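Below you'll find the structure, written out as structure tokens, and then a few comments.
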Amino acid sequence: MYKSVIIGTGPAGLTAAIYLARANLKPLVIEGPEPGGQLTTTTEVENFPGFPDGIMGPELMDNMRKQAERFGAEFRTGWVNSIDMAERPFKIQVEGQDEIVSETVIISTGASAKYLGIPGEQENVGYGVSTCATCDGFFFRGKEIIVIGGGDSALEEATFLTRFASKVTLVHRREELRASKIMQDRARDNEKIEWALNRTPVEILAGENGSGVKGLKVLNNATGEEEIIEASGVFVAIGHNPNTAFLGGQLTTDANGYIVVNPGTSETNVPGVFACGDVQDTRYRQAITAAGSGCKAAMDTERFIESLEHSAVTN
Ligand code: NAP
């Protein structure tokens, strides 16, 4: 039986692994289909403290993994189908593997950015197509950018990107925006933002031989005509899906599926189950905030295990 199992290997899960391994709790870390999480799909990370010249996302994650291994964290690859949280120890079912039993569990399965699924999108991720303005906006200094979506994320990203871009065109498939009024007002007051509403994205257009993105083909829903909007970057901001389906409703989540933790902690509604990183974060979603929350989850886990051991001694 393990004392702690960590599910997910983004910055949150790996930071939790470093802390728990250093505390000699020998955590088992289960890596899913995207080891390293969303950072492995970005190129250069320039805002993670400690790297004055930046670091490539995959290298940063590889370093974190090595750091956890150095202190004794055990890694296993697999798809977690379910966790039985009815009683402790918890029972974790990994596809095609024996059942894993653990006193505590840390859920750090992250959230996946939604993509449009149109031609030209996946092949240009990291080369002009991005789902993270904070990560990649800097690379589009003085250039024209497109942001796709009509919710708070899209308007927030569009507004943020005007710091770098010469022009940001917001493309949304309907005339009405879903975003809150305050976000709409802020964006409408911004002279660098142009509006391409009631337009459905059809294809992201790239230049020859990997020379990057050159624009977006859209369908004008009012006229039925196809149009091309030129830009060097396309930011897809149509929401995220927290990876919580495998929990089978045993943890309290918000309406969008994000795990709800006790404020300021990593504690879920099930004692001994903790959550960190984007799977419980609807607000910040940064590598450094995920890492910080992973540290909190490890410390909450340590305290929980200590309290179990203490009550075993005194009973
Ligand atoms: P969201 O509210 O679900 O909005 C997603 C947007 O993307 C919608 O406008 C939707 O269009 C569009 N969209 C979805 N699928 C699409 C597709 N296949 N093709 C074209 N467009 C598509 O997601 P979000 O903006 O990420 O916000 C999620 C939650 O986080 C919300 O509760 C939001 O308030 C919150 N949030 C808050 C802040 C803040 O307060 N600072 C910042 C960001 C997010 P339709 O409108 O036509 O459906």
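Take 1 as the starting number for the sequence shown in full-length UniProt numbering and just add one per residue. A virtual CB, placed ideally from N, CA and C, is assigned to each residue, including glycine. These numbers come from a predicted model, not from an experiment.
Counterpart residues of residue i in DSSP-defined beta bridges
i           : result
V168        : I145, I193
residue 320 : Nothing can be reported for residue 320, as the shown portion of the chain is limited to 1 through 315.
G212        : Paired residues: none, contrary to the question.
Q93         : S82
I288        : BP columns for I288 are empty, so no partner.
G233        : I145
I107        : I7, A275
T253        : I259
I305        : Partner(s): none; I305 has no beta bridge.
Nearest-angstrom Cα separation, counted from residue j out to residue i
i    : j    : result
I305 : T104 : 8 Å
E230 : P49  : 34 Å
S4   : S130 : 35 Å
G248 : S82  : 7 Å
V80  : I92  : 7 Å
T200 : P27  : 46 Å
P89  : I107 : 15 Å
G54  : H240 : 26 Å
M64  : D136 : 22 Å
G224 : T282 : 36 Å
A222 : K143 : 28 Å
K66  : L251 : 31 Å
R76  : V45  : 26 Å
D62  : R70  : 12 Å
I7   : G126 : 26 Å
L116 : F274 : 32 Å
A154 : L39  : 20 Å
A298 : E309 : 16 Å
Y19  : E267 : 17 Å
F138 : A245 : 34 Å
E175 : I145 : 20 Å
G151 : A158 : 11 Å
N198 : L177 : 10 Å
L216 : D185 : 25 Å
P33  : T253 : 23 Å
S211 : M56  : 20 Å
M1   : Q122 : 41 Å
G120 : R173 : 18 Å
S311 : A68  : 29 Å
N47  : G96  : 39 Å
S307 : D300 : 11 Å
E87  : I118 : 44 Å
K167 : Y284 : 25 Å
E31  : S112 : 15 Å
Within 8 Å, strictly: CB atoms of residue i and residue j
i    : j    : result
F140 : A179 : no
V29  : A17  : yes
A291 : T15  : yes
V147 : V218 : no
Q286 : Y258 : no
V94  : G110 : no
V236 : N124 : no
F160 : A196 : no
E194 : T169 : yes
E208 : M183 : no
A73  : A23  : no
G277 : S293 : yes
G128 : G233 : yes
G36  : P58  : yes
M85  : V313 : no
E227 : L25  : no
N220 : P242 : no
K114 : I288 : no
**Item:** Segment contact, 8 Å Cβ cut-off, at least three pairs: the segment 190-206 with the segment 94-113
**Value:** The segment 190-206 vs the segment 94-113: no contact.
**Request:** Check whether the segment 188-195 touches the segment 254-269, taking contact to mean three or more Cβ pairs, one atom from each stretch, closer than 8 Å.
**Result:** Contact between the segment 188-195 and the segment 254-269 is absent, with fewer than three C-beta pairs closer than 8 Å.
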